[in-house]
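*Asks:*
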Amino acid sequence: MRKKGRPSGVDSTETKKRILDHARIEFAVNGYDGSAISTVAERAGLAPSAIYHYFSSKKILYEAVFEDTADVIWTDVSRARFEPTLVEAVEHLIDSSRSLTGKGLRYHTNFLAAAPIEARLHPEFSRLLDQRTEFQDRTFTALAEIGQRTGELQNFSMEESIELLRALIMGWFFERHFRDEEVRGSHEAIIKLLKTVTNSSLAQRN
Numbered sequence: 100m101r102k103k104g105r106p107s108g109v110d111s112t113e114t115k116k117r118i119l120d121h122a123r124i125e126f127a128v129n130g131y132d133g134s135a136i137s138t139v140a141e142r143a144g145l146a147p148s149a150i151y152h153y154f155s156s157k158k159i160l161y162e163a164v165f166e167d168t169a170d171v172i173w174t175d176v177s178r179a180r181f182e183p184t185l186v187e188a189v190e191h192l193i194d195s196s197r198s199l200t201g202k203g204l205r206y207h208t209n210f211l212a213a214a215p216i217e218a219r220l221h222p223e224f225s226r227l228l229d230q231r232t233e234f235q236d237r238t239f240t241a242l243a244e245i246g247q248r249t250g251e252l253q254n255f256s257m258e259e260s261i262e263l264l265r266a267l268i269m270g271w272f273f274e275r276h277f278r279d280e281e282v283r284g285s286h287e288a289i290i291k292l293l294k295t296v297t298n299s300s301l302a303q304r305n
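100 is the number of the first residue of the sequence shown in our numbering; add one for each residue after it.
(1) Thinking C-alpha only, which one of 276, 211, 143 and 293 is nearest residue 260?
(2) On the DSSP letters alone, give me the boundaries of the alpha helix (DSSP H) that residue 129 sits inside.
(3) Would DSSP call residue 165 helix, strand or coil?
(4) How big is the Cα-Cα spacing for residue 297 and residue 235?
(5) Can you give me the C-alpha to C-alpha distance between residue 229 and residue 211, rounded to a whole angstrom?
(6) Taking residue 272 as part of the alpha helix (DSSP H), name the residues at either end of that continuous run.
(7) Tell me whether residue 185 is buried or exposed, calling it buried when 16 or more other Cβ atoms sit within 10 Å of its Cβ.
(8) So what's residue 138 in DSSP terms, helix, strand or just coil?
(9) Once DSSP output is grouped into helix, strand and coil, what is the label at residue 154?
(10) Starting from the C-beta of residue 165, find all residues in its chain whose C-beta is less than 6 Å away, skip the five residues before and the five after it, and write them out in chain order.
(11) What would DSSP say about residue 283, mapped onto helix, strand or coil?
(12) Measuring only the C-alpha atoms, how far is residue 169 from residue 124?
(13) Helix, strand or coil for residue 183? Go by DSSP, reduced to three states.
(14) Rounded to a whole number of angstroms, what is the C-alpha to C-alpha distance between residue 102 and residue 149?
(15) DSSP state of residue 145, grouped into three classes?
(16) Excluding five sequence neighbours on each side, which residues of the same chain lie with their C-beta closer than 7 Å to the C-beta of residue 119?
As structure tokens, this is what we get:
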């Protein structure tokens, strides 16, 4: 029987990815306080010492999981800003979020959804919350700029546009997270509302 430990003959990048993947599941399911290096090691089929070889503490491991998760989610979501219209950009953003779950990345979105709670319980993670907020602000500002440029949101100020989009999309995201499934028709309702608002704005413009 093979002993658990640092896998011999295995690329360190592959081992780190294995640790991060299993740690993400552990943190998403049990939260930071309910997780331990030993339980992550058990999930990954490694000895705790193998994890400590790459991550010196649970705090360092959590931060590494956050960075890895954010890279995957936000890289995909950020592509929405290249769409020509606001409606298309929001459709892209929502479809991207849906497809990430469909690709088996449910624990990525669950982990990020819980990050604000963890940051409030553990002030040492406040910088992670700041990163999340900064990215979110950039994302919704980029979407609002599309709406302002195309005239789809000409009846709203820039600040109003940002907060309208934040409320719509984050409300959809969190409700889906807490229910563990998408509310039927919610995606379609958001797009219908945006089309109604933008069509009205464009009609006035013309």
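In this text, a Cβ means the ideal position worked out from N, Cα and C, and glycines have one as well.
Remember, predicted model here, so these are calculated numbers, not experimental data.
*Replies:* In this structure, then:
(1) Ranking the options by Cα distance to residue 260, first place goes to 293.
(2) Taken as a continuous stretch (DSSP letters only), the alpha helix (DSSP H) holding residue 129 covers 111-129.
(3) Residue state, collapsed to three classes: helix.
(4) Each residue's Cα considered, the two are about 22 Å apart.
(5) Each residue's Cα considered, the two are about 13 Å apart.
(6) Per DSSP, the unbroken alpha helix (DSSP H) holding residue 272 starts and ends at 257-278.
(7) Burial of residue 185 is indicated by the presence of at least 16 other C-beta atoms within 10 angstroms of its C-beta.
(8) Residue state for residue 138 is assigned as helix, using DSSP reduced to three classes.
(9) Correct three-state label for residue 154: coil.
(10) Once the five neighbours on either side are set aside, the close Cβ partners of residue 165 are 227.
(11) Looking at residue 283 - three-state DSSP - the assignment turns out to be coil, as it is neither helix nor strand.
(12) In a straight line, the C-alpha of residue 169 is about 15 Å away from that of residue 124.
(13) DSSP places residue 183 in coil when its eight states are reduced to three.
(14) Only weak support exists for where residue 102 lies, its pLDDT of 44 falling under 50; the value from the coordinates is given anyway. Cα to Cα, the separation comes out at about 12 Å.
(15) It is coil, neither helix nor strand.
(16) The residues are 163, 164 and 167.
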